[in-house]
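What follows is a single structure, written as structure tokens, with notes after it.
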Amino acid sequence: EAHRGEVEVEVAPWLIAFAGGGRRIFSDMARSRYEVDLGLGGQILLPVSFMNVLWAASGRMFRAHEPAYHQWGANALLAVQFRLPAGLLARLSGGVTVDVYPNSEGYRVFFPQGGSEHRRDVQGRFGATLWSPALWGVRLGASYEFSERTSTAELFGFRDHRGLVRLAWSGEVDVTLPR
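My numbering numbers the first residue of the sequence shown as 19 and each following residue consecutively.
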């Protein structure tokens, strides 16, 4: 269960500031928490028309019922989109996430054999997507994403390979306008 408020402010045509906060309740009450996050994102203006670059950076703080789940974290993301011949679109994206649990030393859920340091997770992600030309605002896409997380708590490390087929529609519909 989550109760949350969020705000976005367009600071400039190429820069957006965003923030959010609230309470998240898990069935495992130790993980239930108050959360706050804030960040910036935008577009890098380039002198070429066939490519655009988007970026975002954010930070967060979670205060959980059980102090071992208190968390500080940060993300950085970068995406480059290319307009290709014949109406095709290609997108490359990548990012890194760092999360620190400052009060987790020795917490048995994270460190079943005991641990003398706090939990720290670092995750990297890379993705590539190819989109078809638009037909009535609809595009078909195929994507591949790889992510890997390393953690000082070995149970939480992983590698993930993901292939997706996507269908996207963009356009406007306003039924209140006259024909």
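Glycine included, each C-beta is placed from N, C-alpha and C at the ideal position.
As the structure is a prediction and not an experimental result, all values here were calculated from the model.
The distance from the Cβ of Glu123 to that of Phe80 is about 17 Å, inconsistent with a contact at the 8 Å cut-off. Under DSSP, Thr170 takes part in no beta bridge, so it has no partner. Around Leu33, the same chain offers Gly60 as residues with beta carbons nearer than 6 Å, after the five sequence neighbours per side are excluded.
The region 118–132 and the region 151–164 do not touch, with fewer than 3 CB-CB distances between them shorter than 8 Å. Taking each of Leu63, Gln141, Gly57, Trp154 in turn and checking the Cα distance to Gly39, the smallest one comes out for Gly57. For His21, the number of other beta carbons within 10 angstroms of its own is below 16, and it is reported as exposed.
For Ala186, the beta-bridge partners assigned by DSSP are Arg157. Spanning the alpha carbons of His136 and Met47 requires a straight line of approximately 21 Å. Sorting Gly133, Leu106, Pro65, Trp90 by C-alpha distance to the C-alpha of Thr115 places Trp90 at the top. Taking C-beta atoms as the reference points, Phe68 and Arg101 count as a pair closer than 7 Å. If you ignore the 5 residues before and after Ala92, its C-beta comes within less than 6 Å of the C-beta of Gly77, Val116, all in its own chain and listed in chain order. According to DSSP, Ala20 shares a beta bridge with Arg42.
Separation of the CB atoms of Phe174 and Arg180 is rounded to 18 Å, and the pair is thereby denied contact status at 8 Å.
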